[in-house]
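Note sheet for the following structure.
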Amino acid sequence: MEYVSLDIIVCLKRVPDTETRVRFSDGATAIEPEGVKYIVSPYDEFALEAALRTTEAGEEGQVTVMTLGNEDSQETLRVALAAGADQAVLLRVQGSVTMDGLATAKALAAELETREDQLVLFGVKAADDDQQQVGPMVATLLGRPCASNVTSFEVNGGVIRCNRGVEGGTEVVEMDLPAVVTLTKGAFELRYPSLKGIMAAKRKPLDVKDADLPASRLVVQRLDYPPERAEGRILGEGAEAVPELVRLLRDEANVL
Amino acid sequence: MAGKFQGIDFYDVDSLLSEEERMIRDTVREWVEERVMPIIGKAYIDRRFPKELIPELGEMGMLGPTLPEEYGCAGLNNVAYGLICQELERGDSGIRSFASVQGALVMYPLLTFGSDEHKQEWLPKLATGEKIGCFGLSEPDYGSNPGGMITTAKKTDDGWLLNGVKMWITNGSMADVAIIWAQTGEIGDTDAIRGFVVPTDVDGFTARDQKGKLSLLASDTSELHLEDIHLPDSALLPESGGLKSPLMCLTQARFGITFGAVGAAMACFDEARSYSKQRLMFGKPIGGKQIQQIRLADMLTSITQAQLLCLQLAKLKDAGTMTPQQVSLAKRANVNMACDIAREARRLLGANGILVEYHSMRHMANLESVYTYEGTHDIHGLILGQAVTGIAAY
Numbered sequence: 010m011e012y013v014s015l016d017i018i019v020c021l022k023r024v025p026d027t028e029t030r031v032r033f034s035d036g037a038t039a040i041e042p043e044g045v046k047y048i049v050s051p052y053d054e055f056a057l058e059a060a061l062r063t064t065e066a067g068e069e070g071q072v073t074v075m076t077l078g079n080e081d082s083q084e085t086l087r088v089a090l091a092a093g094a095d096q097a098v099l100l101r102v103q104g105s106v107t108m109d110g111l112a113t114a115k116a117l118a119a120e121l122e123t124r125e126d127q128l129v130l131f132g133v134k135a136a137d138d139d140q141q142q143v144g145p146m147v148a149t150l151l152g153r154p155c156a157s158n159v160t161s162f163e164v165n166g167g168v169i170r171c172n173r174g175v176e177g178g179t180e181v182v183e184m185d186l187p188a189v190v191t192l193t194k195g196a197f198e199l200r201y202p203s204l205k206g207i208m209a210a211k212r213k214p215l216d217v218k219d220a221d222l223p224a225s226r227l228v229v230q231r232l233d234y235p236p237e238r239a240e241g242r243i244l245g246e247g248a249e250a251v252p253e254l255v256r257l258l259r260d261e262a263n264v265l
Numbered sequence: 027m028a029g030k031f032q033g034i035d036f037y038d039v040d041s042l043l044s045e046e047e048r049m050i051r052d053t054v055r056e057w058v059e060e061r062v063m064p065i066i067g068k069a070y071i072d073r074r075f076p077k078e079l080i081p082e083l084g085e086m087g088m089l090g091p092t093l094p095e096e097y098g099c100a101g102l103n104n105v106a107y108g109l110i111c112q113e114l115e116r117g118d119s120g121i122r123s124f125a126s127v128q129g130a131l132v133m134y135p136l137l138t139f140g141s142d143e144h145k146q147e148w149l150p151k152l153a154t155g156e157k158i159g160c161f162g163l164s165e166p167d168y169g170s171n172p173g174g175m176i177t178t179a180k181k182t183d184d185g186w187l188l189n190g191v192k193m194w195i196t197n198g199s200m201a202d203v204a205i206i207w208a209q210t211g212e213i214g215d216t217d218a219i220r221g222f223v224v225p226t227d228v229d230g231f232t233a234r235d236q237k238g239k240l241s242l243l244a245s246d247t248s249e250l251h252l253e254d255i256h257l258p259d260s261a262l263l264p265e266s267g268g269l270k271s272p273l274m275c276l277t278q279a280r281f282g283i284t285f286g287a288v289g290a291a292m293a294c295f296d297e298a299r300s301y302s303k304q305r306l307m308f309g310k311p312i313g314g315k316q317i318q319q320i321r322l323a324d325m326l327t328s329i330t331q332a333q334l335l336c337l338q339l340a341k342l343k344d345a346g347t348m349t350p351q352q353v354s355l356a357k358r359a360n361v362n363m364a365c366d367i368a369r370e371a372r373r374l375l376g377a378n379g380i381l382v383e384y385h386s387m388r389h390m391a392n393l394e395s396v397y398t399y400e401g402t403h404d405i406h407g408l409i410l411g412q413a414v415t416g417i418a419a420y
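As structure tokens, this is what we get:
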């Protein structure tokens, strides 16, 4: 097997805790940040865990975490450093991040061009806007192969073998490194940071650079709250209620 | 049911914590939410300590977290340690008790009074949870007055002969090693009390599960029978000397309890507040009734006071100026506060409050043990009485 030192970079996004009840601001075009708890987007956590396990499994190399965001995003990067990443890069923007996936992808790709990581990992999507754009766009901008919606992978020499979640099964693909992979829920549940890791995180390098972020060409017009959930209905009790339940699931909810 | 636990911070106490301290608190909080909360009710009903949590407690560094890194520990300060205890006890006093005993009553004396061999042999494995420890001081007739203990260690030609009974021993039945305190001189000579490192697989060591408990059901509480146990000279904790040594250990453990009580109280308050907003009676949420609002206001006030009290205690401990009397004050005040809050929360929950699906009654029952162990509420009162009058009342 050919030996390669494998440096991995994980692109993370700081998102509101998925349990947060958000409020809108700026005429219902943005989320009011006050009082919101922020977390690493859960899909990006899968990517981070994948990176940590790959380097722990004997592939020698560094795990870098990177995000595009304001100064507060340093906190998010420290969480990733506490979990075990070696170093961090903050591409700093003033104010809020853009919803324009291509603008974000260009800013990230500009930085990635200057680096030599063989593997760039993303979550398949950000838990806040669900756009699923940035990972594949970065791959396109860098001219590298991209596997998306990956549940697990292995690196052997200069080749990455990915299991992709596809409708009703798994598709196995191989790519030569360098490559880009976007992760979904699968084999990589992020570990709890150890308390020692938390103490060590402050001492790890965190590089802050101003992002080269193109103007957004996507403008949010309006955000709406989800409709109030209708009250539940009790159809009856025991086996007698089943036919009616099945009928409603088929005819009304269209899930059967 | 309550949503995800967010803690109580009415006075922006968070601003008094460092970023690392907050991150440690939040990490343990999340671990408790995901690992402890889903199983604790069932474990309690089954009267079982959830041993399956031990490896992760170790891996994350929650066992002996203030001990130095050379033994595999995290070397945290006491604020962080206190917050760990707070969050663990938010889950259950039994979980916090496990960690307190392992860290403050087993690892701490090994570090403070042990030989290099003791430290090398035991500390790294206790830190990971691969080995479990217990602490034997209390006896059936000597709880508040441990100096009167009748467990003896008699010097022999090649070591020591240990005899006696220890009671109310947390982790007793599952422990691999016991720190046993025994009288090496005349009964009542508190200067002659010494500590011994006793592997629990030695001949003459028997642990019996304490039957009939109505509190701390998710915790291993045992009686230890020590019958003609032959120990080598090396079993003695060389730096231990007199009753002061085990009392130093208790000061460490009590410190953690002052925070733990706040965690249990927060759990009850959080549950009560959430329930009061959802539970409708006479067509309105009971949280809109004056009686429940006053109840909640009293709880919030007490928790905030207790929070600030133990945080300052931790800062004194980190500065190296904390006195045992200050720990007595906080243990007594905070646990008493938590007992009151658990009971009031249970009452606010009405009939549902007696069910294990809710947490307040479990905390209420647990806290009666916490009120009584590690120096009873009354004994800590007498310690404070002595501190302000100079006259001992016991």
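In the order they appear, the protein sequences are chains Z and V. Start counting the first sequence at 10; every next residue gets the next number (my numbering). Start counting the second sequence at 27; every next residue gets the next number (my numbering). Glycine is no exception: its CB is placed at the ideal position from the N, C-alpha and C atoms.
Cutoff 8 Å: residue i Cβ touching any chain Z Cβ
i              : result
P20 (chain V)  : An answer regarding residue 20 (chain V) cannot be provided, because it is not within the stretch 27 to 420 covered by chain V.
L335 (chain V) : no
M27 (chain V)  : Low confidence applies here, because M27 (chain V) scores a pLDDT of 43, under 50, leaving its location unreliable; read the following figure in that light. M27 (chain V) does not count as touching chain Z.
M86 (chain V)  : yes
M423 (chain V) : Lying before the first or after the last residue shown, residue 423 (chain V) is absent from chain V, which here runs from 27 to 420.
I121 (chain V) : no
P46 (chain V)  : Checking the displayed sequence, the identity of residue 46 (chain V) turns out to be Glu instead of Pro. E46 (chain V) counts as touching chain Z.
W194 (chain V) : no
Residue from the options whose Cα sits closest to the Cα of residue i
i              : options                           : result
L426 (chain V) : V:L89, V:G33 and V:S328           : In the structure displayed, chain V extends from 27 to 420; residue 426 (chain V) sits before or after that span and is not available.
G173 (chain V) : V:M390, V:E370 and V:K270         : V:K270
L232 (chain Z) : Z:I17, Z:M108 and Z:G241          : Z:M108
G376 (chain V) : V:N392, V:Q318, V:G101 and V:A356 : V:Q318
R30 (chain Z)  : Z:V45, Z:T38, Z:I18 and Z:C20     : Z:V45
M363 (chain V) : V:G346, V:E383 and V:M390         : V:M390
V181 (chain Z) : Z:G167, Z:V189 and Z:E163         : Z:E163
D126 (chain Z) : Z:K213, Z:L86, Z:L15 and Z:A92    : Z:L15
V74 (chain Z)  : Z:A156, Z:R200, Z:L204 and Z:L90  : Z:L90
G67 (chain Z)  : Z:D216, Z:G166 and Z:G174         : Z:G166
D185 (chain Z) : Z:R212, Z:L128 and Z:Q142         : Z:L128
S170 (chain V) : V:Q331, V:I405, V:L188 and V:G108 : V:I405
Assigned secondary structure, residue i (DSSP; H/G/I helix, E/B strand, else coil)
i              : result
D259 (chain V) : helix
A60 (chain Z)  : helix
K145 (chain V) : helix
C99 (chain V)  : coil
P135 (chain V) : helix
H251 (chain V) : strand
S41 (chain V)  : helix
E163 (chain Z) : strand
S203 (chain Z) : coil
S157 (chain Z) : strand
M208 (chain Z) : helix
R388 (chain V) : helix
G221 (chain V) : strand
M10 (chain Z)  : Residue placement at M10 (chain Z) cannot be trusted, given a pLDDT of 42 that sits under 50; the coordinates are not used to answer.
Beta-bridge partners of residue i, as assigned by DSSP
i              : result
V182 (chain Z) : Z:C171
G78 (chain Z)  : Z:R101
L128 (chain Z) : Z:I17 and Z:A188
G185 (chain V) : V:P258
Q96 (chain Z)  : Z:T73
G159 (chain V) : V:V203
Q209 (chain V) : V:T178 and V:I219
Contact with chain V by residue i, beta-carbon distance below 8 Å
i              : result
K205 (chain Z) : yes
P202 (chain Z) : yes
K213 (chain Z) : no
E261 (chain Z) : no
E28 (chain Z)  : yes
A136 (chain Z) : no
A66 (chain Z)  : no
A89 (chain Z)  : no
Checklist entry - Would the stretch 94 to 104 of chain Z and the stretch 70 to 79 of chain Z be scored as touching if the rule is three or more Cβ pairs under 8 Å? => result Verdict: yes, contact present.
Checklist entry - Between the stretch 379 to 397 of chain V and the stretch 293 to 312 of chain V, do three or more beta carbon pairs fall short of 8 Å? => result Flag = yes, the stretch 379 to 397 of chain V and the stretch 293 to 312 of chain V touch.
Next on the checklist: Below 8 Å, how does it come out for the stretch 283 to 295 of chain V and the stretch 395 to 407 of chain V: are there three or more Cβ pairs, yes or no?
Outcome noted: They touch, by the three-pair rule.
Checklist entry - For the stretch 69 to 83 of chain V against the stretch 240 to 252 of chain V, are there 3 or more C-beta pairs whose distance is under 8 Å? => result By the C-beta criterion, the stretch 69 to 83 of chain V is judged to be in contact with the stretch 240 to 252 of chain V, since at least 3 inter-stretch pairs fall below 8 Å.
Checklist entry - Does the stretch 271 to 288 of chain V come close enough to the stretch 251 to 258 of chain V to have 3 or more Cβ pairs within less than 8 Å? => result Two segments are said to touch when three or more pairs of C-beta atoms, one from each, lie closer than 8 Å; by this definition the stretch 271 to 288 of chain V does not touch the stretch 251 to 258 of chain V.
Next on the checklist: Using 8 Å as the cut-off, can you tell me whether the stretch 213 to 229 of chain V makes contact with the stretch 128 to 141 of chain V, which would need three or more C-beta pairs spanning the two stretches below that distance?
Outcome noted: Result yes; three or more Cβ-Cβ pairs closer than 8 Å.
Item to check | Stretch-stretch touch, CB-based, cutoff 8 Å, three pairs: the stretch 49 to 65 of chain Z with the stretch 186 to 202 of chain Z | outcome: Between the stretch 49 to 65 of chain Z and the stretch 186 to 202 of chain Z, the count of C-beta pairs closer than 8 Å reaches three or more; the two stretches touch.
Checklist entry - Do the stretch 183 to 195 of chain V and the stretch 106 to 113 of chain V meet, that is, are 3 or more Cβ pairs less than 8 Å apart? => result No: the two stretches stay apart, fewer than three of their Cβ pairs being nearer than 8 Å.
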